[in-house]
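Structure, as structure tokens:
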Amino acid sequence: MSSLSQLEPRPVKSSSNTQDDIVYEHIFDAILEQRLAPGTKLSEEALGDIFGVSRTIIRRALLRLSHEQVVIIRPNRGAVVAAPSVEEARQIFAARRVVELAVIELAVKNATPESLARMRAMVQEEQDAFARGDRGSGIRLSGEFHLELAHMANNTPLLNFQRSVVSQTSLIIAQYEVGHQAHCSFNEHEILLNAIETGDKDTAMQKMAEHLDHIEAKLNLDGDSASTDLHVVFSGVAKKRRGR
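In this note's numbering, the protein residues as written are 810 to 1053.
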């Protein structure tokens, strides 16, 4: 059996590259891309078989995700992808507004030409993904845009909280989105970057508030849907392992 360390996943955002880091990132990305449906049972045995690692490794990755509240670990019943209720969804959006406005204020202060160039390239990649019909990658890149803003803000606690609320938002969208629109607009991302680049904190915060309003307006809180089949969600990983 091939080990997970032999796989070549999309670059990992964490500082290390251990087996549980890689499993964590694959599952985190599957949530951001809305390939994992809320309520999906995350069988340690199935995931261990898919990734070619021990259940201990899987357990550590799931525990990390549970700390971000995107996975629920139920005593004696295993782990499931979180399925926020309507009230929880409203609370998550309220929390996200607080953290995003704090992030954008610090991003204006700490932005560099290099970080802005990196984010503009990300927005272009996001636009290209939607243009070619790769909705999953486009949605993931939309979420990663907001994570990169938190990196730009240079505040680790805010970044950690941002990872949680962005991934929870993706689960909410998977449950409550009306239609199949992209939950972030790359045009609005460009507008945010322009405000950051000019150092206009007030405009940047205003545009972020409007941006979050637009995301929430696409939801029905009073759908191509994600899958509950782990082997379907991580089929690309399994193909890589079989090919080695």
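Backbone N, C-alpha and C fix where the C-beta goes; we use that ideal spot for every residue, glycine too.
Quantities reported herein were computed from a predicted structural model and do not represent experimental measurements.
Range covered by the alpha helix (DSSP H) that runs through residue i
| i | result |
| --- | --- |
| G947 | R944 to A962 |
| V907 | V895 to N919 |
| V932 | P922 to A940 |
| G857 | E853 to F860 |
| R873 | R864 to H876 |
| D830 | Q828 to L841 |
| E986 | Here E986 belongs to no alpha helix (DSSP H), and DSSP marks it neither H nor E. |
| L1021 | K1010 to A1026 |
Euclidean distance between Cα positions of residue i and residue j
| i | j | result |
| --- | --- | --- |
| S1044 | M1017 | 36 Å |
| R929 | F837 | 23 Å |
| Q878 | D1022 | 23 Å |
| R972 | E957 | 10 Å |
| D829 | V912 | 28 Å |
| L871 | Y833 | 7 Å |
| T1012 | L910 | 11 Å |
| G861 | I831 | 12 Å |
| I881 | L1030 | 21 Å |
| S863 | A855 | 11 Å |
| T965 | H876 | 16 Å |
| T1007 | I866 | 45 Å |
| M931 | R906 | 22 Å |
| K850 | K1010 | 43 Å |
| G857 | Q1015 | 45 Å |
| F970 | R873 | 13 Å |
| P922 | V889 | 41 Å |
| V987 | S924 | 34 Å |
Close Cβ partners of residue i (< 7 Å) along its chain, the five nearest in sequence each way excluded
| i | result |
| --- | --- |
| I859 | L1039, H1040, F1043, V1046 and A1047 |
| S852 | G887 and L1039 |
| T827 | none |
| R868 | E853 |
| A962 | V912, L915, A916 and N919 |
| N885 | none |
Beta-carbon proximity check, residue i vs residue j, cutoff 8 Å
| i | j | result |
| --- | --- | --- |
| A904 | V974 | yes |
| V917 | I1005 | yes |
| R949 | L841 | yes |
| P847 | Q936 | no |
| A839 | Q977 | no |
| G942 | S979 | no |
| S946 | A940 | no |
| H998 | F954 | yes |
Close-in-space but distant-in-sequence residues of the same chain around residue i (CB under 8 Å, 5 per side omitted)
| i | result |
| --- | --- |
| I1071 | This structure cannot settle anything about residue 1071, because the visible part of the chain is limited to 810 through 1053. |
| L967 | V908, A911, V912, L915 and A959 |
| R883 | V889 |
| H835 | P818, F860, F1043 and V1046 |
Residue burial classification, residue i (beta-carbon count within 10 angstroms, cutoff 16)
| i | result |
| --- | --- |
| A926 | exposed |
| Q933 | exposed |
| L1002 | buried |
| E1025 | buried |
| E896 | exposed |
| R844 | buried |
Limits of the unbroken beta strand (DSSP E) element including residue i
| i | result |
| --- | --- |
| A888 | G887 to V890 |
| R883 | V880 to R883 |
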